[in-house]
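Residue numbers for the sequence shown follow our numbering, so the first one is 15 and each next one is one higher.
Positions of the beta carbon are idealized from the N, C-alpha and C atoms, including for glycine.
Since this is a predicted model, take the numbers as computed values, not measurements.
Here is the structure we will look at.
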Amino acid sequence: MLFGSSGIRKIYDSELLFLALKTGMAVSCEDTPNSSDSETLFSCADSFADSSKPTELTKPTELTKPSKPAKLTIMTGRDCRTSGKILQDAFTAGALHYGAKVIDGGIAPTPTVAYAGRNTSFSCCITASHNPEEFNGLKLLNPDGSAFTKRQQAITETRIAAFEEGKPAGKASWENQGTVSAEDIITPHKEKILDSFDISEKLRMVVDCGSGAGSVITPSLLADAGVNAAC
15 MLFGSSGIRK
25 IYDSELLFLA
35 LKTGMAVSCE
45 DTPNSSDSET
55 LFSCADSFAD
65 SSKPTELTKP
75 TELTKPSKPA
85 KLTIMTGRDC
95 RTSGKILQDA
105 FTAGALHYGA
115 KVIDGGIAPT
125 PTVAYAGRNT
135 SFSCCITASH
145 NPEEFNGLKL
155 LNPDGSAFTK
165 RQQAITETRI
175 AAFEEGKPAG
185 KASWENQGTV
195 SAEDIITPHK
205 EKILDSFDIS
215 EKLRMVVDCG
225 SGAGSVITPS
235 LLADAGVNAA
245 C
């Protein structure tokens, strides 16, 4: 079993690097004409299938109802770990192999990646959360911000196992490789947060972002909210 309680997490090594590549391939291969899967990641996503039902994420933030784009589109982002960029690139390479459109959100908190991915097929955040620095991992999210369901995880793991056995699902082509583009995902999320509340009194605070991904949004967010913050 690759997936734990919060995605895939392992100590960074060559195995994790290749796993990131194979995960990118696994979540992207179903859009190919020769895919043999009778069940797709989308058909078995409970939260995705019932997009009209508000979720705990959509209620406070008023997210747009998720809708599958015409072309498989994947939002990606990462935390500040030194192994983050190479793992993000490996995942992206796997997705591009099967023709996906990948959006690179750069360093960003997981909630920001989730918000940015609300109108994509799904999101992948390269992070190991609170784990020690030698760890890293992949967190796969549906358009409503929920984690991949158990069934989605099982399908992904089955495809990864097939790749390892030399039996990939679907067929890649040099003519149909995907595309990757960078996008500012910090500003839209910050604007959405600022639109959600009003601070009427002047506040002063000291914030330690812990050198984490929150450091790319928190200082400017507090400043724009009128908070006198030392970060």
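F17 versus L33 - alpha carbon distance
The residue labelled residue 17 in the question sits at position 3 within the sequence shown. The residue labelled residue 33 in the question sits at position 19 within the sequence shown. Answer to the nearest angstrom: the Cα atoms are 12 Å apart.
With 16 other CB atoms within 10 Å as the buried threshold, where does S19 fall?
Indexing the sequence shown from 1 puts residue 19 at position 5. Label assigned to S19: exposed.
To the nearest angstrom, how far is the alpha carbon of H144 from that of V194?
Stepping through the sequence shown from its first residue, residue 144 is reached at position 130. Stepping through the sequence shown from its first residue, residue 194 is reached at position 180. Roughly 29 Å between the two C-alpha positions.
When burial is assigned at 16 or more other CB atoms within 10 Å of the CB, is S225 buried or exposed?
For the purposes of this step, residue 225 is identified with residue 211 of the sequence shown, where counting begins at 1. So S225 counts as exposed.
Label R218 either buried or exposed according to how many other C-beta atoms from any shown protein chain fall within 10 Å of its C-beta, with 16 as the threshold for buried.
Counting from 1 along the sequence shown, the entry for residue 218 is found at position 204. Flag for R218 reads exposed.
Among I25, H111, K36, the one whose alpha carbon lies nearest that of W188
On the sequence shown, residue 188 is found 174 positions in, with the first residue counted as 1. Of the candidates I25, H111, K36, the one whose C-alpha sits nearest the C-alpha of W188 is H111.
Got a sec, what are the start and stop residues for the beta strand (DSSP E) R92 sits in?
Translated into positions along the sequence shown, residue 92 becomes position 78. From DSSP, the beta strand (DSSP E) with R92 extends over 87 to 92.
Thinking C-beta only, is K153 closer than 9 Å to I140?
Along the sequence shown, read from residue 1 onward, the residue named residue 140 stands at position 126. Along the sequence shown, read from residue 1 onward, the residue named residue 153 stands at position 139. Going by C-beta atoms, I140 is nearer than 9 Å to K153.
DSSP state of C139 mapped onto helix, strand, coil:
If you number the sequence shown from 1, residue 139 lands on position 125. Three-state result, C139: strand.
Taking three-plus beta-carbon pairs below 8 Å as touching, is the stretch 157 to 164 in contact with the stretch 92 to 112?
Result no; under three Cβ-Cβ pairs closer than 8 Å.
What residue does the alpha helix (DSSP H) around A40 start on, and which one ends it?
Position 26 of the sequence shown holds residue 40. Where A40 is concerned, the enclosing alpha helix (DSSP H) stretches over 28 to 40.
Beta-carbon contacts of F105 that lie in its chain and below 8 Å, excluding the five residues immediately before and after
Taking the first residue of the sequence shown as position 1, residue 105 is located at position 91. Excluding sequence positions up to five before and after F105, its CB lies within less than 8 Å of the CB of A34, L35, T37, G38, T90, C138, I140, L152, all in the same chain and listed in chain order.
S28 classed as buried or exposed, judged by whether at least 16 other C-beta atoms fall within 10 angstroms
Position 14 of the sequence shown, counted from the first residue, corresponds to residue 28. The residue in question, S28, is exposed, as its Cβ has fewer than 16 Cβ neighbours within 10 Å.
Nearest neighbour of S135, chosen from K115, I100, G120 [CA to CA]:
Against the sequence shown, residue 135 aligns to sequence position 121. Selected option, being the one with the closest Cα: K115.
9 Å Cβ cutoff met for R95 and N133:
On the sequence shown, residue 95 is found 81 positions in, with the first residue counted as 1. On the sequence shown, residue 133 is found 119 positions in, with the first residue counted as 1. At the C-beta level, R95 and N133 stay beyond 9 Å of one another.
Indicate the three-state DSSP secondary structure (helix, strand or coil) for L217 in the structure shown.
Within the sequence shown, the letter at position 203 stands for residue 217. In the structure shown, L217 sits in coil (DSSP, three-state: anything other than H, G, I, E or B).
Between E171 and the rest of its own chain, which residues show a CB-CB distance below 6 Å, the 5 nearest in sequence each way excluded?
Translated into positions along the sequence shown, residue 171 becomes position 157. The residues are L16.
Less than 9 Å separating the beta-carbons of L30 and L101?
In the sequence shown, residue 30 corresponds to position 16, counting from 1. In the sequence shown, residue 101 corresponds to position 87, counting from 1. Their beta carbons are under 9 Å apart, which means L30 touches L101 by this criterion.
Is the beta carbon of V221 sitting closer than 9 Å to the one on A196?
The residue labelled residue 221 in the question sits at position 207 within the sequence shown. The residue labelled residue 196 in the question sits at position 182 within the sequence shown. In this structure, A196 does not lie closer than 9 Å to V221 by Cβ.
Output the distance between the C-alpha atoms of S234 and P182, rounded to the nearest integer angstrom.
For the purposes of this step, residue 234 is taken as residue 220 along the sequence shown, with counting starting at 1. For the purposes of this step, residue 182 is taken as residue 168 along the sequence shown, with counting starting at 1. Approximately 45 Å, taken between the alpha carbons.
Buried or exposed: which applies to G21, given that a residue is buried once 16 or more other Cβ atoms fall within 10 Å of its Cβ?
Taking the first residue of the sequence shown as position 1, residue 21 is located at position 7. It counts as buried.
What residue ranges within the stretch 153 to 232 form continuous beta strand (DSSP E) runs of no fewer than 3 residues, ordered along the chain?
Restricted to the stretch 153 to 232, the beta strand (DSSP E) segments that are unbroken, complete and at least 3 residues in length are 193 to 196, 218 to 220, listed in chain order.
Can you tell which of K24, Y26, I25, V41 has the C-alpha that lies nearest to the C-alpha of Q167?
Taking the first residue of the sequence shown as position 1, residue 167 is located at position 153. Taking only the C-alpha atoms, the option nearest Q167 is V41.
Given a cut-off of 9 Å, decide if A128 and I200 are closer than it, judged by their beta-carbon atoms.
One-based indexing of the sequence shown puts residue 200 at position 186. One-based indexing of the sequence shown puts residue 128 at position 114. No, the Cβ-Cβ distance between I200 and A128 is not below 9 Å.
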